[in-house]
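Student: My questions all concern the structure below.
Chains as they are written, first to last, in my numbering: chain A, 189 to 574; chain B, 189 to 574.
What follows is the structure, given as structure tokens:
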């Protein structure tokens, strides 16, 4: 198996991008990553996208996008694992380079969510849950995560204020990220007074509907050293995937995210790392409770201590383990298929020391954790300066 | 890169399966392949499916299906390249085993197309074309392939009767395949008298709307030898992918399928084979013209001679290069995401010598060619007894 590195990164600003189409914003991110890498051709394009069918009436997406870039002919593959589609696109590219099937891969993620109205977007997102056993009964994702929050509060004493503090921290980080959807200082009281969505989750506990695209260029570590010049070479040293039941009702326990735990363990094992070795992590905070549960599942805190960790500032920019320096899904925005790739963009930028005001000093090992549905799938990558 | 083999195959009968759901028919094929392989656990599941979102209101498909099989926890990835999604699922599994990231992969393809009405199915299939530049103007796939047929007739003198003879041959083969959707003897006159769909293509030139699932189990050639007992070991020695413009209007020429040509060349190069080495091939005959063009693009016949080759019987069961021994998409049926995997099932069965009345005697090298849209993407695999 060959060693794999990230030699280029690019992304659009995230937001409600009314003026642009899926293919145009995808091309913007892809061209930025190719330019950053200094390469003009690739052997493969992977595209993470949850539901271009329901959001834009377009399948066969990867071939379409290859042509948009003037690369008709180049192999192109779309992958889908709901909101973990971007992480899966990274994995698919990683496997091809590791196997020696491709030398250079353009890995991308994209979602155009605002071309349909709110009800249709809610329906499309709802197809990440079990349509027969969950969606049929009317539950949508705020409701599913509200149940997870209630159980976490009951089992572990996690408080309403601790949930709010996740939003406060991530919005503070997002203020320092020029590509974030929201540049908005948020206090605990703002969260607690925001509109109730699904008790106990309020509007400011929820990630938004977002348009956006992100891209990274993968190649072998050997070629990356040639391309990098005097920039640090960032390698992918761990890659782990796992699933859990999509249906919450089928799980033996609801206080933990088992797919995240398993994917994390697989990534740690491949990289030969433990949670103590990680200098920063992007986790999948689609709702505030998700960040708390993810940090526990990845071993940064014991089960039940994710909430108090936020309260104590352990996950802040200067904390023991900075979490979501980008602003996370909460503030940076959550174009579902793009999110997993954008997480890798953020971690790479941090490891290169190019994150400006939100830079984690001395960061040399980082992690990105992407999740589908209410934890039905997860993809975790560990990145290191090599 | 490790050598990869197919150790298990399984599929449902294809047809209008009103009595079963996507997940149930998928599990039937998956369990059959695992049983055939004699393995009880896998490291990864890949799922080729074009549009479970539009056909059944369900995304996040791979995680859902892993759980359906009692395998929640196991990594699972859905891939999509329109009607080439099944071929892409084979490629994704191949890459993971080749890289050493997985030792055993369950590769699957599925599509449940009859849970929506005909207009909605036509819309869903139409999303494999360019929604902005083709679909918006009202063209659907019979229309796109009718244009390809007209150009082929004009440039090469391909005749209306030659198109019909593709259907006659494939329906004759399908009569010998117990899992085919149609068991129907068709003559040239039947095709020529069938309802006009899009001039020059008539009803019997078109593959049907179909429900179905197919599965294969991949592992290393070394492990395959242990599992195979006294059965032949069938390896995947060539894997090629390519794209073309999705939009027909963007192509410099319409008389050839460039993605098929490129994907074929890449597969031949990896396997160290030429068209003369191939003993049988499953090609993507979504319309009769597609089979003729595919056999030319893969190098079995010179450009413009695919039509006369059918007429001369060169592609029949006893011909120089038997094409679509399974009955092809035309007679076996075309559940779009399942098709590419079902092609590999057929070729594997042939190479094992287990194809009964439609067995190609002495077949030791076979090919499967899967295609998305009107040739916007293609995936080609070469299989060999090793």
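Glycine included, C-beta positions come from ideal geometry on N, C-alpha and C.
Identify whether residue 284 (chain B) lies in helix, strand or coil by the three-state DSSP scheme.
Tutor: In this structure, residue 284 (chain B) counts as helix in the three-state DSSP scheme.
Student: Looking only at its own chain, which residues have a Cβ that is under 6 angstroms from the Cβ of residue 231 (chain B), when we skip the five neighbours before and after it?
Tutor: Excluding positions up to five away in sequence, the list reads 290, 291, 292.
Student: Which of the three DSSP states is assigned to residue 489 (chain B) in this structure?
Tutor: Coil.
Student: Kindly list the residues whose CB is nearer than 7 angstroms to the CB of residue 435 (chain B), restricted to its own chain and excluding five residues on each side of it in sequence; keep chain order.
Tutor: Only 318, 321, 322 meet the Cβ criterion.
Student: If distances are taken between C-alpha atoms only, which option among A:572, A:373, A:558, A:570 comes closest to residue 238 (chain A)?
Tutor: Answer by Cα proximity: A:558.
Student: Using a 10 Å radius around the Cβ and a threshold of 16 neighbouring Cβ atoms, would you call residue 206 (chain A) buried or exposed?
Tutor: Counting Cβ neighbours within 10 Å, residue 206 (chain A) comes out exposed, since fewer than 16 surround it.
Student: Mind pulling the chain B residues with CB within less than 9 angstroms of residue 238 (chain A)?
Tutor: Within 9 angstroms Cβ-Cβ: 241, 247, 248.
Student: Return the CA-CA distance between residue 356 (chain B) and residue 315 (chain B), expressed in angstroms with no decimal places.
Tutor: Near 29 angstroms, if we compare the C-alpha coordinates of residue 315 (chain B) and residue 356 (chain B).
Student: Name, please, each residue of chain B whose Cβ falls closer than 8 angstroms to the Cβ of residue 283 (chain A).
Tutor: Ordered by position in chain B, the residues that pass the 8 angstroms Cβ test against residue 283 (chain A) are 280, 283, 284, 287, 289.
Student: Could you tell me how far apart the beta carbons of residue 429 (chain A) and residue 548 (chain A) are, in whole angstroms, since I believe they sit closer than 8 angstroms?
Tutor: 26 angstroms between Cβ atoms; not a contact.
Student: In the structure shown, what three-state DSSP assignment does residue 316 (chain B) receive?
Tutor: Correct three-state label for residue 316 (chain B): coil.
Student: Is residue 267 (chain A) close to chain B? Criterion is C-beta to C-beta, closer than 7 angstroms.
Tutor: Yes, residue 267 (chain A) lies at the interface with chain B (some Cβ there is under 7 angstroms from its Cβ).
Student: Using a 10 Å radius around the Cβ and a threshold of 16 neighbouring Cβ atoms, would you call residue 384 (chain B) buried or exposed?
Tutor: Flag for residue 384 (chain B) reads exposed.
Student: For residue 236 (chain B) versus residue 297 (chain B), is the C-beta distance shorter than 7 angstroms?
Tutor: Yes; because the gap between Cβ atoms is below 7 angstroms, this pair is in contact.
Student: What residues of chain B sit near residue 255 (chain A), judged by a beta carbon separation below 9 angstroms?
Tutor: Ordered by position in chain B, the residues that pass the 9 angstroms Cβ test against residue 255 (chain A) are 318, 431, 432, 433, 434, 435, 438, 564.
Student: Roughly how many angstroms separate the alpha carbons of residue 390 (chain A) and residue 380 (chain A), rounded to a whole number?
Tutor: Rounded to whole angstroms, residue 390 (chain A) to residue 380 (chain A) spans 7 angstroms at the Cα level.
Student: With distances taken from CA atoms, which of A:194, A:192, A:202 is nearest residue 518 (chain A)?
Tutor: Comparing Cα positions, the closest option is A:202.
Student: So what does DSSP say about residue 566 (chain B), is it helix, strand or coil?
Tutor: Of the three classes helix, strand and coil, the one that applies to residue 566 (chain B) here is strand, per DSSP.
Student: Going by DSSP, what residue range makes up the alpha helix (DSSP H) through residue 348 (chain B)?
Tutor: Taken as a continuous stretch (DSSP letters only), the alpha helix (DSSP H) holding residue 348 (chain B) covers 348-362.
Student: Grab me the residues of residue 346 (chain A)'s own chain with a C-beta within less than 6 angstroms of its C-beta, minus the 5 sequence neighbours each way, in chain order.
Tutor: Answer for residue 346 (chain A): 340, 495, listed in chain order.
Student: Would you mind listing the beta strand (DSSP E) stretches within the stretch 391-445 of chain A that are 3+ residues and don't spill past its ends, in chain order?
Tutor: If we require 3 residues or more, the beta strand (DSSP E) runs fully inside the stretch 391-445 of chain A come out as 400-408, 422-431.
Student: Since residue 468 (chain A) and residue 513 (chain A) should fall inside the 8 angstroms C-beta cutoff, what is the C-beta to C-beta distance between them, to a whole number of angstroms?
Tutor: The pair is a contact, with the Cβ atoms about 6 angstroms apart (cut-off 8 angstroms).
Student: With 16 as the cutoff for other CB atoms within 10 Å, does residue 275 (chain A) come out buried or exposed?
Tutor: By the 10 Å Cβ count, residue 275 (chain A) comes out buried.
Student: Quick one: give me the first and last residue of the alpha helix (DSSP H) that residue 551 (chain B) is part of.
Tutor: Where residue 551 (chain B) is concerned, there is no enclosing alpha helix (DSSP H), given that its DSSP letter is neither H nor E.
Student: Is the beta carbon of residue 328 (chain A) less than 7 angstroms from the beta carbon of residue 302 (chain A)?
Tutor: No, the pair does not count as a contact, with Cβ atoms beyond the cut-off.
Student: In three-state DSSP terms, what is residue 211 (chain A)?
Tutor: Of the three classes helix, strand and coil, the one that applies to residue 211 (chain A) here is helix, per DSSP.
Student: Name, in chain order, the residues that DSSP records as bridge partners for residue 194 (chain B).
Tutor: BP columns for residue 194 (chain B) point to B:406, B:422.
Student: Verify the CB distance criterion: does residue 189 (chain A) have a CB-CB separation below 7 angstroms to chain B?
Tutor: Yes, residue 189 (chain A) counts as interfacial toward chain B.
Student: Compute the Euclidean distance between the alpha carbons of residue 509 (chain A) and residue 421 (chain A), then round it to the nearest angstrom.
Tutor: About 22 angstroms.
Student: Please list, in chain order, all residues of the same chain as residue 194 (chain A) whose beta carbon is under 8 angstroms from its beta carbon, the five residues on each side excluded.
Tutor: Only 404, 405, 406, 412, 422, 423, 424, 532, 536, 571 meet the Cβ criterion.
Student: For the alpha helix (DSSP H) that residue 339 (chain B) lies in, which residues bound it at each end?
Tutor: 329-344 is the extent of the alpha helix (DSSP H) around residue 339 (chain B).
Student: Grab the span of the beta strand (DSSP E) containing residue 297 (chain A) for me, first residue to last.
Tutor: Element bounds for residue 297 (chain A): 292-299.
Student: Measure from the alpha carbon of residue 176 (chain A) to the alpha carbon of each residue in A:246, A:555, A:478, A:371, then state which is nearest.
Tutor: Residue 176 (chain A) is absent from the structure shown; chain A starts at 189 and stops at 574.
Student: Would residue 252 (chain A) count as contacting chain B if we go by Cβ distances under 7 angstroms?
Tutor: Taking Cβ atoms only, chain B reaches closer than 7 angstroms to residue 252 (chain A), which makes this a yes.
Student: Between which two residues does the beta strand (DSSP E) harbouring residue 232 (chain B) extend?
Tutor: Segment 232-236, the beta strand (DSSP E) holding residue 232 (chain B).
Student: With the cut-off set at 7 angstroms, would you say residue 431 (chain B) and residue 565 (chain B) are in Cβ contact?
Tutor: Going by C-beta atoms, residue 431 (chain B) is nearer than 7 angstroms to residue 565 (chain B).
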